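Taking it in order: structure first as structure tokens, then the write-up.
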Amino acid sequence: MNVLLDNLDLYGRAFLGTIELFLIAAVGSLVLGAVVAGMRVSPVPILRAFGTIYVNLIRNTPLTLILFFFAFAYPRLEIVDLSFFTRACIGLILYTAAFVCEVIRSGINTVPVGQAEASRALGFGFGQTLTTIVMPQAVRAVVPPLTNVQIALLKNTTIASGFSVFQAGGIYQELSENGYNVLVGLLWIALGFLILVVPLTLLQRNLDRRWSVAK
Amino acid sequence: MTSVLYDVPGPRARVRNGIIGVVGTLVVLGILAFVVYRLAATGQFDPRLWEWIQFKAIQVLLVEALLNTLSAFAAAAVLSLAFGALFAAGRLSEHAWLRGPSTAIVEFFRAVPLLILIFILYFGVSQTLGLNLSTYWSLVLGLMLYNGSVLAEIFRAGVRALPRGQSEAAYALGLRKTQVMTNVLLPQSLRAMLPTIVSQLVVVLKDTALGFIILYPELLYQARFLGSQGQLGAPILQVAMVIAVIYIILCLILSGVAYLLERRSRRSPRGGDIDPGEKARAEGEVAAAQAQGGGGAIGGA
Chain R
1 MNVLLDNLDL YGRAFLGTIE LFLIAAVGSL VLGAVVAGMR VSPVPILRAF GTIYVNLIRN
61 TPLTLILFFF AFAYPRLEIV DLSFFTRACI GLILYTAAFV CEVIRSGINT VPVGQAEASR
121 ALGFGFGQTL TTIVMPQAVR AVVPPLTNVQ IALLKNTTIA SGFSVFQAGG IYQELSENGY
181 NVLVGLLWIA LGFLILVVPL TLLQRNLDRR WSVAK
Chain F
1 MTSVLYDVPG PRARVRNGII GVVGTLVVLG ILAFVVYRLA ATGQFDPRLW EWIQFKAIQV
61 LLVEALLNTL SAFAAAAVLS LAFGALFAAG RLSEHAWLRG PSTAIVEFFR AVPLLILIFI
121 LYFGVSQTLG LNLSTYWSLV LGLMLYNGSV LAEIFRAGVR ALPRGQSEAA YALGLRKTQV
181 MTNVLLPQSL RAMLPTIVSQ LVVVLKDTAL GFIILYPELL YQARFLGSQG QLGAPILQVA
241 MVIAVIYIIL CLILSGVAYL LERRSRRSPR GGDIDPGEKA RAEGEVAAAQ AQGGGGAIGG
301 A
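Residue numbers (UniProt numbering), protein chains in the order written: chain R, 1 to 215; chain F, 1 to 301.
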């Protein structure tokens, strides 16, 4: 208990770092993921190909390698000098977007073609078909797995601690420098993540149960 | 062919799609060209920075690193399959005293970030309990706990996806509980779940890269080491590229196996009686885990 109480400030700052990284990367990955998903379902073959290549490359690359690249190799390109934090955000966004894209794409694919054909037959335009016919149905299939992807992102933020971004994964270093029991300190971090992850997991299961019945 | 979002293009739509295609290609090529330009402008294509590939010692070093990665992967894969089978059996058990703890353990290890697990094993357990876990075992055991828990969920979902008639018929024939599981339920559910299981193994392979953070001498660790060698010109970008290609090829091979297995099981008529809802839940489980470690089956068109 002492380990936590003595370092409450440290834990507070670290978990704020985690949450900040998570929120930025979550929003960023949703935007980029939606763009790539748009490419992958578009009627333009070359854009579909680009989207597919991106998703397959990123999904088969370890996140650690992507962060490694941004931490050590990016500065060599001398483009813009970005902080470690920003670079970690970019790495997490690029990585998570591939998974967001796949979730959105498969969500759109769960809507039967007949639905859209019927709406076109009724004279609905593209925008109307998308917003009133396809999206309401796709959302049911998209949101539960999307929550899963974001939970994974929350856990993935710890990897940034291996590359000098201060957040929850990095507490142990300061604790061990100050002579605290590292095992207890790490177990508190695990508990902190349980507190963050469990509500999201419950939300995801709840959505999954309620919406999969209605499908 | 029509898709959900787009009708068959008419003449105007075809022209518009053509324009979007050209513009999109230009944007993507522009980004790539910018990266290549920066690479060239900062002298990253300088032959001196690529010379290291020719050195025998470095080739040996990289092959050893690759073997370290693969041996951690193999041990973690086998152990997590065993862990998963054990805890899936626990969660499917009829005895509450087995079910409760198994569920708690599986849920706990799935909720805690893998890196924190590895830290707990490497820094926590080693220092506090006096058990001296090497980096190798910290990595392998961490991977086992996390991926084993995910696999336990996959196995459980696979068994639950089978129609109830299967086990009812087996019990009616007088088979015992173990026989029902091993002779009737497992062969069918493993068959249906095989692609999902292989996709999870891709996650294991990718997550071995976390060993870099606790300084297990795998591919990334050696990349960092080589990249900081001044007499080679500190070619970290070049080494990172080569390592990335190695990782991507390894993962694509495994993903390809998962894809082939899935295509085969989709063709075979026997997969027909699997409850799609439960199966989808198991796949969702993996999809979540993949986002963590990443990887997974190659997405079809």
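Don't be surprised by glycine CBs; every beta carbon is placed ideally from N, CA and C. In this text the structure is predicted, and so the values were computed from the model without any measurement.
- Listed along the chain, the chain R residues whose CB falls inside 7 Å of the CB of residue 124 of chain F are 182, 183, 186.
- Fewer than three beta-carbon pairs drawn from the segment 160–174 of chain R and the segment 7–15 of chain F are found closer than 8 Å, and the two stretches are therefore not classed as touching.
- Note on residue 43 of chain F: under 16 other CB atoms within 10 angstroms of its CB, so exposed under the neighbour-count rule.
- With respect to chain F, the C-beta atom of residue 44 of chain R has a partner C-beta closer than 8 Å.
- Per the coordinates, the alpha-carbon of residue 3 of chain F lies some 55 Å from the alpha-carbon of residue 184 of chain R.
- Along the length of the segment 34–89 of chain F, whole alpha helix (DSSP H) runs at least 4 residues long occupy 47–50, reported in chain order.
- For the segment 59–81 of chain R, the set of residues with a beta-carbon nearer than 8 Å to any beta-carbon of chain F comprises 59, 60, 61, 62, 63, 64, 65, 68, 69, 72, 73, 76, 77, 78, 79, in chain order.
- Between the alpha carbons of residue 156 of chain F and residue 169 of chain F lies a distance of about 20 Å.
- Within chain R, the C-beta atoms nearer than 8 Å to that of residue 252 of chain F come from 56, 60, in chain order.
- With its beta carbon at least 8 Å from every one in chain R, residue 56 of chain F lies outside the interface.
- For residue 45 of chain R, the uninterrupted alpha helix (DSSP H) run begins and ends at 45–59, by DSSP.
- Apart from the 5 residues on each side of it in sequence, residue 22 of chain R sits with its Cβ closer than 7 Å to the Cβ of 153, 154, 157 in its chain, given in chain order.
- Residue 6 of chain F sits in coil when the DSSP states are folded into three classes, being neither helix nor strand.
- The beta carbon of residue 265 of chain F sits no closer than 8 Å to any beta carbon of chain R.
- Per DSSP, residue 135 of chain R is one residue of the alpha helix (DSSP H) stretching across 135–156.
- With contacts defined by Cβ atoms closer than 8 Å, residue 65 of chain R and residue 100 of chain R do not form a contacting pair.
- By a beta-carbon distance limit of 8 Å, residue 127 of chain F does not contact residue 3 of chain R. Their separation comes to about 13 Å.
- DSSP places residue 181 of chain R outside any alpha helix (DSSP H), giving it a letter other than H or E.
- By alpha-carbon distance to residue 89 of chain R, the top candidate from R:195, R:38, R:125, R:160 is R:160.
- Scanning F:174, F:195, F:91, F:186 for the CA closest to the CA of residue 149 of chain F turns up F:91.
- Ranked by Cα distance from residue 40 of chain F, the first of R:34, R:76, R:9, R:11 is R:76.
- Nearest in C-alpha terms to residue 242 of chain F, of all of F:223, F:198, F:97, is F:223.
- As the crow flies, the alpha-carbon of residue 195 of chain R is around 36 Å from that of residue 131 of chain R.
- A direct Cα-to-Cα measurement between residue 267 of chain F and residue 101 of chain F gives close to 39 Å.
- For residue 46 of chain F, the CB contacts under 8 Å within the same chain, skipping 5 residues up- and downstream, are 233 in chain order.
- In the structure shown, the three-state DSSP call for residue 81 of chain R is coil.
- In this structure, residue 72 of chain F lies near residue 139 of chain F, with their beta-carbon atoms less than 8 Å apart.
- Residue contact check for residue 86 of chain R against chain F: no CB pair falls below 8 Å.
- Closer than 8 Å to the CB of residue 31 of chain F there is not a single CB belonging to chain R.
- With a threshold of 16 other beta carbon atoms within 10 Å, residue 45 of chain R falls short and is exposed.
- With a threshold of 8 Å between beta carbons, residue 71 of chain F makes no contact with chain R.
- At a cut-off of 8 Å, the C-beta of residue 109 of chain R has a neighbouring C-beta in chain F.
- Residue 207 of chain F is classed as buried because its beta carbon has at least 16 other beta carbons within 10 Å across all chains shown.
- Taking C-beta atoms as the reference points, residue 143 of chain F and residue 80 of chain F count as a pair closer than 8 Å.
- Residue-level contact check: residue 26 of chain R does not touch chain F, since none of the beta carbons of chain F fall below 8 Å from its beta carbon.
- Closer than 8 Å to the CB of residue 120 of chain R there is at least one CB belonging to chain F.
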